[in-house]
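In terms of our numbering, the sequence shown has 1907 at position 635, counting the first letter as 1, and numbering is strictly consecutive.
No residue lacks a Cβ here, since even glycine has one placed at the ideal position from N, Cα and C.
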Amino acid sequence: MAPTFAEVAVSSAWSSPTLSYTIPPKLMATIQVGSAVWVSLRGKPVQGVVLQVHDTEPAFATHPVIGPIDPPVVLTPTQLRTARWIARETASGLMDALSLFLPPGTTQQTRPYLDVTDSDVDAGAFTPVQRKLLNLLLERGETSLDAARTAMGSSLATVVPALEKAGAIQVRHRIVTSQPSARQERWVRLLGATDLSAFERAPKQVEFLTALQRRARLAGDGFVLTADLLAQTGLTRPVVKALLEKGAIEEIERPRGAAPRLPHQDAIPTLTLAQATAWEAIEHSLQQRAGETFLLYGVTGSGKTELYLRAAAWCLRNGRSSLILAPEIALSSQVAARFTARFGSQVTILHSALTPAERAATWEGIAEGAYPIVVGPRSALFAPVKDLGLIVLDEEHDQAYKQGETPRYHTRSVAEFLAGETGATLLLGSATPATETYWRAEQGAITRLDLPHRVGPALRRDDGAPAGSTLELPQVEIADMRLELHRGNTSLLSESLQELLGATLRRGEQAILLLNRRGMATVVLCRSCGLTIMCPYCDIPLVYHHDRAQLVCHRCDHREAPGRQCRSCGGPLDYFGVGTQRVESETQRLFPAARVLRWDQDIVRRRGGADGLLRLVEQGETDIIVGTQMVAKGFDLPLVTAVGVVNADVGLHLPDFRSGERAFSLLTQVAGRAGRRGPGSRVVIQSYTPEHYAIQAAAHHDYPGFYAEEIDFRRTHRYPPFVRLARFTFRHKNDAVCAQAADAMARKLALHARTQAASMDLLGPAPAFASRVRGEYQWQVIMRSPEMDRLLDGLPHEPGWVVDIDPQSLL
1273 MAPTFAEVAV SSAWSSPTLS YTIPPKLMAT IQVGSAVWVS LRGKPVQGVV
1323 LQVHDTEPAF ATHPVIGPID PPVVLTPTQL RTARWIARET ASGLMDALSL
1373 FLPPGTTQQT RPYLDVTDSD VDAGAFTPVQ RKLLNLLLER GETSLDAART
1423 AMGSSLATVV PALEKAGAIQ VRHRIVTSQP SARQERWVRL LGATDLSAFE
1473 RAPKQVEFLT ALQRRARLAG DGFVLTADLL AQTGLTRPVV KALLEKGAIE
1523 EIERPRGAAP RLPHQDAIPT LTLAQATAWE AIEHSLQQRA GETFLLYGVT
1573 GSGKTELYLR AAAWCLRNGR SSLILAPEIA LSSQVAARFT ARFGSQVTIL
1623 HSALTPAERA ATWEGIAEGA YPIVVGPRSA LFAPVKDLGL IVLDEEHDQA
1673 YKQGETPRYH TRSVAEFLAG ETGATLLLGS ATPATETYWR AEQGAITRLD
1723 LPHRVGPALR RDDGAPAGST LELPQVEIAD MRLELHRGNT SLLSESLQEL
1773 LGATLRRGEQ AILLLNRRGM ATVVLCRSCG LTIMCPYCDI PLVYHHDRAQ
1823 LVCHRCDHRE APGRQCRSCG GPLDYFGVGT QRVESETQRL FPAARVLRWD
1873 QDIVRRRGGA DGLLRLVEQG ETDIIVGTQM VAKGFDLPLV TAVGVVNADV
1923 GLHLPDFRSG ERAFSLLTQV AGRAGRRGPG SRVVIQSYTP EHYAIQAAAH
1973 HDYPGFYAEE IDFRRTHRYP PFVRLARFTF RHKNDAVCAQ AADAMARKLA
2023 LHARTQAASM DLLGPAPAFA SRVRGEYQWQ VIMRSPEMDR LLDGLPHEPG
2073 WVVDIDPQSL L
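This is the structure we're talking about:
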């Protein structure tokens, strides 16, 4: 006889991880452990996952399971075990962890509908506005809440509860599913030979055609993404329409991602001695299926990706799948291009920027085994691959691998657990490993493989042996900006950096200018009374953005127009500080003939992603890239030979134990963008504190030296890896309420530690570094313990509190 009851994990405030439901006879053949189902909770349908089926009748009445989600989904035992582990390690709800493994589109919404309970209801007993809704429902029948709101306006918010309480209407919730279509993109190409002289009266059309001619030579079929051309030229859609009407061009639509530009695949390079040694260990691990973890520690450009490719090829030959993870969507796209060039249609990319239809189709293809190689950011780790053999975390140090919402997992930790469950080999690649990762390798918990030299362009002799295969790392100079001021140089760019940029432009090469701060001016203040213009909701200075002529809060996105006078005393306002817009303006002033491209979050958001910007750089359509940390994240930019760090001190002196590590990693990574195809590259790092160990180590490409300083600091001050941290954060509009809640939480944590007989200490309670966010005050309690595993079970988790285990920042 089939089981008649199910224990289902749902998202709720119940303390129990599961709730009991009856399995209706018609569903007994389909409901099993791992089934994603609809169940009723507080009168509404919600999604859940079946964790147990049995015949033991509960001692209380149970609701029936409504049915499986559509299309049906059954999570595997490995996925269920991993979700349980994530829930415990992150102190989050079990359903939150299980949802990570559900396909896109299965978290369907429910839509409320209104209907009268009795068609003979006496409308005269109600207020005029209540009668209006009743008459609407009597006339239309069951009506969606959205449609009723359109007809009734804001009064609906009070009318519905009153009529529902009186028993005159009822609210039903229906499950809503949608089948969105794939997003289309426009592609354009020239129609035959084009005589530009025929368009001399239309300079904008000439500019568009010139750009199209240049880009079309690089495209196999002549088609170029229209959005890319418009972004490159700054032109608008009417220019395209005019050229279409003249018959100079044709434009077609393709499903997004249907025609990616792929790099030409050269011959597979011969491995260097260091690569060959590392590959021998990786191949042995793949053969053993022991779930081994490797730290692939190699300088920038040392050929880590080639080892990823070889490991994926081994898995393909042996019928196993690979997950290749990168910290950002833009970097995932470049990695995917490398893998697609070698493995073709066996590769897919999965990330949140795809449309729901594209994500659902990709997910289905992965589940069916059509894509044995999956590339993407952290969410791709939960793709339903078949027989997992390899997991790669490229740039494993990157903080983007930590999830910012519940469940707050770290991709590296989940990947290691998943590798242990499946026997997959895990490769953690980085030129600047996280301190905790390198320490674990030092302790023998994971295996370190070293790639100490850069690999040059792949060259082969006739006998297949490598020929001239290594490159020097770029030469780094530190510019002391204190001395620049003494010499009378008030520019944002030191004399050394200006000289470097000029020489780079004369050679027709590209340069990167890094400043990890957006905006034109980071502080706006009154010169008379000293008032700083602050965000009214977050108590941090507003940043002036010149292109929008707005003051913007980079925490809550509050915006306001800049005033001409101080709101306090009427004095003149002045603009101080430097952001990427200011650097862009200064660079254009110093080098007016240069094509300057700004690459920061504002530009990426405005242009709908970083892929278009990356293509402009790769195809030589820009000379100087001015960007934030987004440009430092592992991109392979062959034409870049010079890098300038405008202010290395940004973020270096923040009160956070990872500040030095973040600064060193950013400086080393951005320096690594230079000179990846040949010798002669240079880097200039500008700083007002050039003696700091993070800056000195980055200038000498000296990770071991940095690590020695950093690990001593962590040991002395009791920070990870010598302890684990848990950050408890509470927000409220009343500061006193925050303080009381934080004090109560501290007492509960101390009691919990005594109950578990685990050693720990507390930092706080105290206001958070960001003491006010979006109009709410914020307090925190930091728990620090070398025995965190013993404290995770039964960890206090009160309503309104955010718990972050192993936080990446305490700010």
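Quick check on the burial criterion: 16 or more other C-beta atoms within 10 angstroms. Buried or exposed for residue i?
i: F1907; result: buried
i: A1739; result: Residue placement at A1739 is poorly supported in this model, since its pLDDT is 42, which falls under 50; the coordinates still yield a value, given next. A1739 should be labelled exposed.
i: E1781; result: buried
i: Q1547; result: buried
i: A1539; result: exposed
i: D1327; result: exposed
i: C1841; result: exposed
i: P1951; result: exposed
i: K1674; result: buried
i: Q1559; result: exposed
i: G1899; result: buried
i: N1919; result: buried
i: D1829; result: exposed
i: T1704; result: buried
i: A1737; result: With a pLDDT of 41 at A1737, under the threshold of 50, the modelled position of this residue cannot be trusted; read the value that follows with caution. Classification for A1737: exposed.
Per the DSSP calculation, residue i is bridged to which residue(s)?
i: V1633; result: One point to set straight first is that residue 1633 is Ala, not Val, in the sequence displayed. A1633 is not bridged to any residue.
i: M1806; result: P1813
i: I2054; result: R1999, L2035
i: P1834; result: DSSP lists no partner for P1834.
i: L1660; result: S1593
i: T1565; result: L1698
i: I1540; result: Answer is none; I1540 lacks a bridge partner.
Checking contacts by CB at 8 Å: is residue i closer than that to chain D?
i: A1278; result: Chain labels in this structure do not include chain D; a single protein chain is all it has.
Distance, Cα to Cα, residue i vs residue j?
i: L2087; j: Q1504; result: No answer is possible for residue 2087: the residues shown for the chain start at 1273 and end at 2083.
i: Y1809; j: T1362; result: 29 Å
i: L1700; j: S1937; result: 15 Å
i: L1405; j: R1831; result: 38 Å
i: I1338; j: I1303; result: 11 Å
i: A1652; j: D1659; result: 15 Å
i: A1584; j: D1752; result: 45 Å
i: V1657; j: L1581; result: 18 Å
i: P2039; j: N2006; result: 12 Å
i: P1628; j: A1397; result: 47 Å
i: P1599; j: N1788; result: 17 Å
i: V1619; j: V1346; result: 24 Å
i: P2093; j: D1811; result: Nothing can be reported for residue 2093: it is not among the residues displayed for the chain, which extend from 1273 to 2083.
i: A2008; j: Y2049; result: 9 Å
i: L1372; j: F1566; result: 25 Å
i: E1963; j: D1974; result: 15 Å
i: I1983; j: R1990; result: 10 Å
Look at the Cβ atom of residue i, then the Cβ atom of residue j, and state whether they are nearer than 8 Å.
i: Q1324; j: A1308; result: no
i: V1282; j: G1306; result: no
i: I1596; j: V1664; result: yes
i: A1655; j: V1646; result: yes
i: W2073; j: C2010; result: no
i: L1515; j: C1587; result: no
i: A1385; j: P1336; result: Checking the sequence, you will find Tyr at residue 1385 rather than Ala. Taking 8 Å as the Cβ cut-off, Y1385 and P1336 do not qualify as a contacting pair.
i: L1755; j: F1863; result: no
i: T2002; j: A2018; result: The amino acid at residue 2002 is misidentified as Thr; the sequence shows Phe. No, these two residues do not count as a Cβ contact at 8 Å.
i: K1576; j: L1723; result: yes
i: E1414; j: D1387; result: yes
i: L2083; j: D1921; result: no
i: E1525; j: L1463; result: no
i: V1903; j: W1871; result: yes
i: S1953; j: I1750; result: no
i: L1481; j: F1471; result: yes
i: R1834; j: V1796; result: Position check: residue 1834 holds Pro in this sequence, whereas Arg was assumed. Yes; because the gap between Cβ atoms is below 8 Å, this pair is in contact.
Roughly how far, in whole angstroms, is the beta-carbon of residue i from the beta-carbon of residue j, given that I think they are within contact range, below 8 Å?
i: A1946; j: T1913; result: 6 Å
i: S1574; j: H1725; result: 6 Å
i: H1623; j: P1644; result: Their Cβ separation, rounded to whole angstroms, is 18 Å, which puts H1623 and P1644 out of contact at 8 Å.
i: R1827; j: A2042; result: 7 Å
i: V1889; j: I1897; result: 6 Å
i: H2004; j: L2067; result: So it is not a contact: roughly 21 Å between Cβ atoms.
Considering only heavy atoms of the ligand NAD, does any lie closer than 7 Å to the CB of residue i?
i: K2020; result: Because no ligand of any kind appears in the structure shown, any question about the ligand NAD cannot be addressed here.
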